[in-house]
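These protein sequences, in sequence, are chains A and B. Take the position in the first sequence, starting the count at 1, then add 601; the result is the number in the working numbering. Take the position in the second sequence, starting the count at 1, then add 8; the result is the number in the working numbering. Idealized CB from N, CA, C, for every residue including glycine. The structure appears right after this line, and notes come after that.
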Amino acid sequence: MLEQTRSQQYQKAHHRGFLRASVSTITAMASLEQTSALFRSTVIRRRSVSVEHFEITLAVNGFPAAAPGQFIQLLHHEPHAFEMNQGDANLIQFNTDTISENPLLRRPFSIGALRRSGDQTEIDIIGRVIGIGTAWLDALRVGNSVDFIGPLGTPFRLPPKNARAILVAGGVGLPPIRWLGMTLTDMGVDCRAIIGAQRRELLPVIIKQKPTNFAEFQHILGDFEPHPVHVIVTTDDGSFGMKGRVTDALAPILCGTTEGELVQVFACGPEPMLKAVGELCEASNVSCQLAMERVMGCGMGTCQSCVVPVKDDAASDGWRYALCCREGPVFDSRVVIW
Amino acid sequence: MPDLSVQIGRVRLKNPVMTASGTCGFGREYAPYLDMSMLGGFTTKSVTLRPRKGNPPQRIVETPGGMLNAIGLANVGIDEFMKSKLPDCQTLGPAVFVNVAGESIEDYVEVCRILDTADGLAGVELNVSCPNVKDGLTFGTDAVLLKELVAAVRPVVKRGVLLVKLSPNVTDICSTARAAIAGGADALSMINTFLGMKIDIRTQRPVLANMTGGVSGPAIKPMAVQMIHRVYRDVTRAAGVPIIGMGGVRCWQDAVEFMLAGATAVAVGTALFAHPDAPMGIVRGIEDYLIQRGLGSVNEIIGAVHEVRD
């Protein structure tokens, strides 16, 4: 009986711990660079985006303010008894050594879209099965729970309303670009997107109709709905849209910008693509923000593993390592050292 | 309620749960997830004399039941640490230990001398076993050198306790444990990471830019328990030197196991990366375990596995 009561107390305390974390994120805003918390979310939707990609929508209460470019750190397994209520001594009967957390570490996922309704927030993530963790995510069904920490990282700096935004996404780099496109359209910013992949199967997009002119921005994708973001789609092998790379579509647009026109580029994708996009923008003197990807141990700034070399005049030799999880994942293309 | 406080040298920890160096930054990173003031102790990431950028990426990779890291002692250096990091650490609440690394005895002595000028520090922990810097390994694996290093640092650590973090990459950990105590260590941190390596079979190259790194996480827990058990039995029990146990601790059951083997306190490390709130449940679980067994103090389980039973 005593154990029962204590156990309940611990559970309550544990819940309070969660609540305290989310409340403290609001009160501690001034002193902390980033505000995030631990969450237990519920899968409310799941769909296959392409042959290779899946999308999951997570619902959670009390999610702090977040912006495009930020990410969440997902646990890729069912939270175990000892993770949920570690203080319960009744678990002495339970052999915790036989619990293998596989994978052990969380993995970062960009927020692909975010919708709020009252206290509830819906978060979309897009993934591709590459190992046991992503296979577990892919197998989740509506009603399952997912443990995550977020929101994390520094978001995109939003452009002024009179700017023309060109969004560039390569493969699974689409999610942050998708949410950014929705946000910018809501703001009234003129926003178009170039989306590329090696071949059609690797395009994590919802194709509404085939483009009639490959080199023209057209409303052919359902991903930004209900926002009417016009896109150019490229594939390396020409299996869908323009044959070539995203930079082949971007270059003529940057060349065609008129004097005094404020153009800003936002990109996410594989590193060689980001480098090419960044260099193209620099050559055209166009501001460019890149959402980078790194192997992360924690995502919270402690493990120091996700470093990106950046230029820094304050450093004696002109450069330093920046943490992708805190200073990033969004970097100005001009500061990144390739 | 049972008494959870334990004694590490002249420092009293309000409970035996700490965080391990390199897994909790400088204390502020986990503030949104973990009430740092509930910890018994907190150990900073390694601080060196001069700032260090650390190794090029990739610095980390997950391995079966654990992870492999080669961060390369990235830190701001002792001067910047004293200015911008330490004042913040001191407001956290728990006893603060600063982990110190160096490439020479002079480096260690200088960093420790500067740290000894700070008020409110519980002590320093010498990282003599970080496997990523060439000279660090020799201190941690050579008993003669280790004793020389600890003896050189001892006189300048006047106010805090002196912890020495032992490397498991040795044939006989009792000999390095004895050397650290002979040099003047107040307590031993056991254990640091095991040397490891991972090769990408697609690129046929090591995954880590540093090629090798240190293995941590649940995978190394049985080895940590064995080493603590042996050092407690053969060295520290008679010497009256406490052990801070670490190596794969992720739940209260692990913490109790380490304490039964001979650890006076335990530090949570790699588990924090996935579960920054883990220490809260560990403290509660230890307390509950003591209540269930009718024990008045956590000290009653330290080294209890060594007690002769009928």
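Is the shortest distance between the beta-carbon of A/Pro871 and the beta-carbons of chain C less than 8 Å? This model lacks chain C altogether, as its protein chains are A and B.
C-alpha distance - A/Val652 paired with B/Met267, whole-angstrom precision: Using only the alpha carbons, I get a separation of about 51 Å.
Taking A/Phe710 as the reference, give the member of A/Phe695, A/Ile700, A/Leu738 with the closest Cα. That would be A/Leu738, whose Cα lies nearest to the Cα of A/Phe710.
At a CB-CB cut-off below 8 Å, which residues of chain B make contact with A/Ile750? Neighbours of A/Ile750 on chain B, chain order: Tyr41, Pro284.
7 Å Cβ shell around B/Ile290 - same chain, five flanking residues per side excluded: Within the same chain, B/Ile290 has close Cβ partners Val25, Cys259, Trp260, Ala263, Val276.
Opening and closing residue of the alpha helix (DSSP H) in which B/Phe281 lies: From DSSP, the alpha helix (DSSP H) with B/Phe281 extends over 279-282.
State yes or no: is the C-beta of B/Asp194 within less than 8 Å of the C-beta of B/Gly311? Cβ atoms of B/Asp194 and B/Gly311: not closer than 8 Å.
A/Ser632, buried or exposed, once every other Cβ within 10 Å from all chains shown has been counted against 16: Only weak support is given to the placement of A/Ser632: the predicted model assigns it a pLDDT of 36, under 50, and the value that follows is read from those uncertain coordinates. Classification of A/Ser632: exposed, given that the 10 Å Cβ count is below 16.
Looking at A/Gly751: is its Cβ nearer than 8 Å to the Cβ of B/Glu37? It is not a contact, given that the beta carbons lie outside the stated cut-off.
Under a Cβ-count criterion, where at least 16 other Cβ atoms within 10 Å of its own Cβ denotes burial, should B/Asn200 be classed as buried or exposed? A buried status is given to B/Asn200, since no fewer than 16 other beta-carbon atoms sit within 10 Å of its beta-carbon.
When the cut-off is 8 Å and only beta carbons count, does A/Asp725 lie next to chain B? Among the residues facing chain B, A/Asp725 is not included, as its CB has no counterpart in that chain under 8 Å away.
Rank A/Ala660, A/Gly771, A/Thr848 by C-alpha distance to the C-alpha of A/Leu715 and give the top, closest one. The shortest Cα separation from A/Leu715 among A/Ala660, A/Gly771, A/Thr848 belongs to A/Ala660.
Spell out whether any CB of chain B is found under 8 Å from the CB atom of A/Arg921. By this cut-off, A/Arg921 is an interface position.
Counting only beta-carbon atoms, is B/Gln4 nearer than 8 Å to chain A? Given that chain B is displayed from residue 9 to residue 318, the structure contains no residue 4 of chain B and the question cannot be resolved.
Option nearest B/Gln98 by Cα separation, candidates B/Val117, B/Ala109, B/Ala126, B/Asn23: Here the closest residue by C-alpha is B/Ala126.
Min CB distance A/Leu675 to chain B below 8 Å: Contacts with chain B at 8 Å (Cβ-Cβ) do not include A/Leu675.
Give the residues of chain A in contact with B/Gln66, contact being defined as C-beta atoms less than 9 Å apart. The contacting residues are Arg895, Val896, Ser906.
Am I right that B/Val249 and B/Leu196 are in contact with their C-beta atoms under 8 Å? What's the rounded C-beta distance? Between B/Leu196 and B/Val249 the Cβ distance is about 6 Å, and since that is below 8 Å, they are a contact.
Rounded separation between A/Pro910 and B/Met46 - CA only: About 36 Å.
Please say whether B/Val106 and B/Val55 have beta carbons closer to each other than 8 Å? Using a Cβ distance threshold of 8 Å, B/Val55 and B/Val106 count as a contacting pair.
When we look at the beta-carbon of A/Ala622 and count the other beta-carbons within 10 Å, is it buried (16 or more) or exposed? Here the model assigns A/Ala622 a pLDDT of 33, short of 50, so the residue's position is not dependable and the matter cannot be decided.
Neighbouring residues, chain B, relative to A/Arg707 (Cβ below 7 Å): By Cβ distance, chain B contributes Ala282.
For A/Thr626, decide whether its Cβ has a neighbour in chain B, counting only Cβ atoms nearer than 8 Å. Low per-residue confidence applies at A/Thr626: pLDDT is 31, beneath 50, and the placement is therefore not dependable enough to give any value.
Do you know offhand how far A/Ala614's Cα is from A/Asp913's? Below a pLDDT of 50, predicted positions are generally treated as unreliable, and A/Ala614, at 37, falls in that range; no measurement from the model is reported.
Beta-carbon proximity check, B/Leu171 vs B/Val132, cutoff 8 Å: Result yes, Cβ atoms of B/Leu171 and B/Val132 sit closer than 8 Å.
Where B/Val69 meets chain A, residues with beta-carbon distance less than 8 Å: Listed along chain A are Val896, each with a C-beta nearer than 8 Å to that of B/Val69.
In the region 242-279 of chain B, which residue ranges form an unbroken alpha helix (DSSP H) of at least 4 residues, counting only runs that do not cross its ends? With a minimum length of 4 residues, the unbroken runs of alpha helix (DSSP H) contained wholly in the region 242-279 of chain B fall at 260-269.
Using only the alpha-carbon positions, how far apart do A/Gly900 and B/Pro65 sit? A direct Cα-Cα distance of roughly 15 Å separates A/Gly900 from B/Pro65.
Near A/Arg648, which residues of its chain fall below 8 Å by C-beta distance, leaving aside the five closest residues on each side in sequence? So the qualifying residues of the chain are Phe655, Glu656.
Take A/Pro871 and list the residues in its own chain whose beta-carbon comes closer than 6 Å to its own, dropping the five residues that flank it on each side. The residues are Gly771.
With three or more beta-carbon pairs closer than 8 Å as the criterion, would you say the region 843-852 of chain A touches the region 874-887 of chain A? The region 843-852 of chain A, when compared against the region 874-887 of chain A, does touch it at the 8 Å Cβ threshold.
Beta-carbon proximity of A/Phe818 to A/Leu781, cut-off 8 Å: For the pair A/Phe818 and A/Leu781, the CB atoms are not nearer than the 8 Å cut-off.
Any beta-carbon of chain B closer than 8 Å to the one on A/Gly902? At least one chain B Cβ lies under 8 Å of A/Gly902.
What number of angstroms, rounded off, separates the C-alpha of A/Ile627 from the C-alpha of A/Ala638? Confidence is the limiting factor: at A/Ile627 the pLDDT is only 32, short of 50, which leaves the residue's position unreliable and the question unanswerable from this model.
Using a C-beta cutoff of 8 Å, does B/Met254 count as contacting chain A? False, the Cβ-Cβ gap to chain A never drops below 8 Å.
For B/Ser45, three-class secondary structure by DSSP: Of the three classes helix, strand and coil, the one that applies to B/Ser45 here is helix, per DSSP.
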